[in-house]
Amino acid sequence: MAADGGMGHATKRREDVRFLMGLGKYCDDHTPAKTSYCAFARSNVANGKINSIDTVAAAGMPGVLAVFTGEDFAEVGGNPAGWLINSRDGEPMKEPKRPVLAYGKVRHVGDAYAAVIAETLEQAMDAVEAIEADIDELDAVVKMADALANDKTLVHDEIGTNQCFDWGWIEDNRAATDAAIKAAPHVTTLELVNNRLVPNAMEPRCSIGEYEPGTGDYKLTTTSQNPHLTRLLISAFVLGIPENKLTVHSPDVGGGFGSKIYHYGEEALVLAAAKKLNRPVKWTSTRTEAFLSDAHGRDHVTKIELACEKDGTFIAFRTETMANVGAYLSNFSTVTPTFLHGTLMAGNYTVPNVYVNVKAVFTNTAPVDAYRGAGRPEASFSLERVIDKAARELGINPIELRRKNFIKPDQYPFASAAGLEYDSGNYDALMDALEKRANLDGFEARCAESKKNGKLRGLGINSYVEACGIAPSNLVGILGARVGLYDAATVRVNATGNISVMVGAHSHGQGHETAFPQIVADMLGIDPLSIDIVHGDTSKIPFGMGTYGSRSLAVCGSAVFRATEKIIKKATLIAAHMLEDEPENVDFTDGDFAVKGTNKKVSFGEVALKAYIPHDFPIEFIEPGLEETAFYDPANFTYPSGAYGCEVEVDPETGKVDICAMVAIDDFGNVVNPMIVTGQVQGGLAQGIGQALLEHGIYDENGQLLSGSFMDYAMPRADDLPNFVVDHSNATPCTHNPIGAKGCGEAGAIGSPPTVVNAVIDALQRGGYDVEHIDMPVSPARVWAAMNA
Amino acid sequence: MYNFEFTKPTTVEDAAKAMSAEGAQALGGGQTLLPTMKQRLAMPEILVSLTDVEGMVGVSKAGTTLTIGGGTTHAQVATDAAASYPGLSALADGIGDPAVRNRGTIGGSLANNDPAACYPAAALASGATITTNKRDILADNYFQGMFETALDETEIVTAVSFPIPEKSNYQKFVQPASRFALVGVFVAKTADGVRVAVTGASNGGVYRWTEAETALNGDFSARAIEDMSGDATDMITDLHGSAEYRAHLVGVLTRRAVVASS
Amino acid sequence: MPTISMNVNGTSVSAEVENRTVLAAALRENLGMTGTHIGCDTSQCGACVVHVNGKAVKSCTIFAVEADGAEVSTIEGQADADGSLNVIQQAFQDHHGLQCGFCTPGMIMTAAALLEENPKPTEAEIRDHLEGNICRCTGYQGIVNAIMAASGQNSAIAAE
């Protein structure tokens, strides 16, 4: 075994070196010879009828090479939703076409209706201003309730409604849940908003199209979390470029958090323009464009009811949610508020009745899609807020109320009332660890200290379970997915013994280049530094479904594991041949193949060399070469869980909330690189705290984005955050993947928002303020208003 | 952004001459102007850089007056005024972020008069004199509403003279995104009385809170203004806070500034 | 178009730029030094921080013509001549102070400026000094730990 640098080792990240030296190569750092530059004309109204677009003046501007409008793409396909959702009555969802460029109507501020390609970016931007667009501004629908009540002002006229679907989960459980709530001794009800967020990866999107006339090959260099999916969408749905004529390359990418999963119209545009002009065409988003055109996250309006016995035993959860999908269906926009949300509405609890209704609503706002956590933060927030309220109403300690209803360790596999089968977990152990690490015994003393300083201190508790590595393909297919959800890896052992591993997952901060070699090194007993990861290039990798939903290690890592198993199997054949014995007599340990009970052995490196110099191979039994591919399709989701605690101080004079302590106790199953896992949790916590206290994508009644820059959209800064306590030592391994890993990328963003809000409400309650809820972001102004209502 | 002609004079006279051209605009540290130009919201035809203009940088004390060159960065004020005028130094040290403070200048800030900027509060509360290439302007006459000042188009803020108060303090409650002041209050206790200037709150830009000044002239303590809050009538309401919230903060921050003043 | 001359990381360079070209663009496009990143258009994110005449500035908010004649330090000049990481860079790797790496050049340059003027900052001073640098990945914990370590102090909470 590779003691240093194998599984479980906090190996320093090798990719850091190039980033630290300024030698990373992000998309915008690529500028092929003869690159031309693209700028988009974007709507400044939320809803408008395009009467005409006159591009003559723009086309005559200095340096302008071409001008495109929606008309140029009227005949090509739309960018589809990846998941078909059926309404409660069995009707399929409404799926209006999402064109490359807006055609006929513009539907949100920032909707691109024309593009200019010019010799320089500034020339392209100058020419955009010369485009004369005659657009009649129409009334806009911005609030979801208004959109549903309104059949006159429509985002998409052709579908006759602003409702995309009306989904019930599980519809067959509806009547029983209703009846249980009606008969329950106690029902706690909470109405809440899960605020719209703007992902704001620090690297804005960027796409470069290239075309090779001699071969007919296209290349798209783009900021993507899943280049293969982007290739598939462009090929099969939008432009019809054959997959084998299109390379999608996603180089170093500066964060994604969901927003770079999706295929965007700008990618199709630069490819089409590159062919027309026979020149590379580059578009780099400004931050302003990112605010207007990246897919946003969350944006639910929810009513949740918790029915329970007087002793706190949960009887039922019933949820009604309106989920904003914005003006167009982005690729994962329909699965996020449904199967990634409704299925988690039993939480960590043995509650027998769960019913969830979700109405997805079109509005004249930017599309909304999966953002770090994607549906599970919304689920956890609703559940854990209403549980906290119930604890107060029932006079039960919030930790005890949760413990009373936890699934116990001997109950796994556990079939939740929301339709999932949890494979493993130990929620009491996590809560035990939280009570210890958060030093809850000392809370009252800290409260008194805060009071002395004129501050109100509060404690927030949360327990969560989430679902990662969405799978398996046969199940998701039944539920409406239009793709499979496996992943792939090829392990290529070179003749000299070093290894390239081609993986379908894309790394844009997750540290795959370090962590994946740890798996292979551990299995092969070799130096991890002799193993390199290749990712992000469809011309080099067999296939991949990309990086999202905390799936990389559990799904793609498992594919790496399986491919490496195949390598060992074949190498054992070769070794047996070299050792002149039978394969079943050959053991592989610590990087050596040895004949059982003898000192006859060959090293992995010798076997690799032999594989490529097969002078004496029995080639009827053993092919030359040492390269194996595995496609791994998981048997189930993985179910990370956690117990989080937060202490806040509220300044009663200003309403400002300071986070004094944030403790995250997580169960991620087996951990490959604990340093990276800790970093993932810390980053997720920052985003969750950002949602809870700071961030808000907010539109006015006319559909103008009020928080459209970092001047108004509050990103968490270093001085907004405390030192975090992160502990993932209480692990119950995943039972169904070979690594035993569950997924850690989103946990922090799922677990923290309810923890923080619970803490703020607790602080206010302890301070004598009868405040039951404040919608996020819990800004000073909102806290002050709630205290003085 | 749009292109422009660029000139970098070395004397105030040449700078003023350059600014008399049609479409000319002074460029100080550029920390507000550049972002505005990137959004294509400002389109100067000529930018007159003040960076190399002689005699416009530095902090000097004469008697009870601290004079700061118009081209002095926030970072330099934070350092060089620390001993002589700690309230002003602390204010400068809280503007923007370290990189912004290394470029942004006091003259640029005062010429721009952003309604949420910090320096206007210090200048108004201190009773500062803004010196231009043409004249001296008392702070009380200088600020004329949001982004409006007494400056004419060819006037350059060459220096700002602050009478050093006996006690002073600036309290800034930050707007969490921009880190400008959601509300900022500068309290200065001078031999001639107390002056309280409020930034960030009003649709009219920086203003003096005379009711609080009157109360504090009688008793310079938080108690004297215990139940007072600003007048919400013409205050800003935006996504970060209502007029009522800002009015409330004006009271809170003024009390805190009085307590913290030194 | 004007030609500007600068000394960048110890090397004299010149570039033909437009008046409207910001320093960050001149570094990236004219000089091919793409380590300096542009993450916003409102001078908030700090991905573009470089040192001009020894001071940390946002290179997206200074015109290249304003840097004519200046000494400029960028991320590309931070490692030692033999390619080994300097103490701050090494601390960032040791303490997991970066994930996607996009904000990292600005963070390193800002950290360098901080330690220049305050060799032993407290954790609160570090967090305060990072006000103009946004990281979306790390939650800042690894960055703060790294800067503490680079200043020879124990970081508050080591990576677990």
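Chains as they are written, first to last, in this note's numbering: chain A, 50 to 838; chain B, 3 to 264; chain C, 2 to 161. Beta carbons: idealized from backbone N, C-alpha and C, even for Gly.
Remark: three or more beta-carbon pairs, one from each stretch, lie closer than 8 Å, so the segment 238-246 of chain A and the segment 823-834 of chain A are flagged as touching. Residue environment analysis places A516 (chain A) among the buried positions, since at least 16 neighbouring C-beta atoms fall within 10 angstroms of its C-beta. Per the C-alpha coordinates, the member of A:F430, A:K154, A:A167, A:D682 positioned closest to M594 (chain A) is A:D682. Residue pairing for Q79 (chain C): DSSP places it in no beta bridge. Distance from the Cα of Y86 (chain A) is smallest, within the candidate group A:L114, A:F492, A:E186, for A:L114. The beta carbon of T703 (chain A) sits closer than 8 Å to some beta carbon of chain B. The closest CA to that of S231 (chain B), considering only B:E213, B:L93, B:T239, B:T12, is found on B:E213.
Beta-bridge analysis with DSSP links W211 (chain B) to no other residue. Sequence-distant Cβ neighbours of E144 (chain A) in its own chain, meaning closer than 7 Å and more than five residues away, are A130, L378.
Taking a 10 Å sphere around the C-beta of A68 (chain C), we find 16 or more other C-beta atoms and assign the residue as buried.
The beta carbon of R766 (chain A) falls within 8 Å of a beta carbon belonging to chain C, placing the residue at that interface.
For the options A:M110, A:E64, A:Y398, A:Y162, the alpha carbon positioned closest to that of A123 (chain A) is the one of A:Y162.
Between the C-alpha atoms of D103 (chain A) and G71 (chain A) there is a straight-line separation of about 43 Å. Against H130 (chain C), the close residues of chain B are D99, P100, in the order they occur along the chain (beta-carbon pairs closer than 9 Å). Beta-bridge pairing by DSSP links L443 (chain A) to no other residue. For D65 (chain A), no beta strand (DSSP E) encloses it; the enclosing alpha helix (DSSP H) starts and ends at 65-69. Among the CB atoms of chain A, none fall inside 8 Å of the CB of T12 (chain C).
Approximately 6 Å separates the beta-carbon atoms of V145 (chain C) and E124 (chain C); this is inside 8 Å, confirming the contact. Cβ-Cβ separation between N96 (chain A) and G752 (chain A): approximately 7 Å, consistent with a contact (criterion under 8 Å). Below 8 Å, enough C-beta pairs join the segment 661-681 of chain A and the segment 613-623 of chain A to call them touching: three or more. No Cβ of chain B is located within less than 8 Å of the beta carbon of A710 (chain A). Cβ proximity to chain B below 8 Å picks out K59, C61, T62, I63, F64, V66, E67 from the segment 59-82 of chain C. For D236 (chain B), the three-state secondary structure derived from DSSP is helix. In the DSSP assignment, G728 (chain A) falls within the unbroken alpha helix (DSSP H) covering 723-738. Within chain B, N5 have C-beta atoms less than 8 Å from the C-beta of E19 (chain C), given in sequence order. If you draw a 10 Å sphere on the C-beta of L320 (chain A), you find 16 or more other C-beta atoms in it, and that means buried.
Out of A:V297, A:I166, A:Y471, A:I310, the CA that lies nearest to the CA of A108 (chain A) is found in A:I166. At a cut-off of 8 Å between beta-carbon atoms, V145 (chain C) makes contact with chain A. In the DSSP annotation of this structure, the continuous segment of the alpha helix (DSSP H) that includes L326 (chain A) starts and ends at 314-326. Listed along chain A is no residue with a C-beta nearer than 7 Å to that of S204 (chain B); the closest approach is about 17 Å. Your pair N219 (chain B) and G195 (chain B) checks out as a contact, with CB atoms roughly 5 Å apart and the cut at 8 Å. Assigned with DSSP and collapsed to three states, I747 (chain A) falls in coil, not helix or strand.
For I63 (chain C), the three-state secondary structure derived from DSSP is coil. Relative to the Cα of N143 (chain B), the nearest Cα in the group B:D233, B:G57, B:Y209, B:R258 belongs to B:Y209. Here DSSP, grouped into helix, strand and coil, assigns H584 (chain A) to strand.
Not flagged as an interface residue toward chain C: A713 (chain A), since no C-beta distance is shorter than 8 Å.
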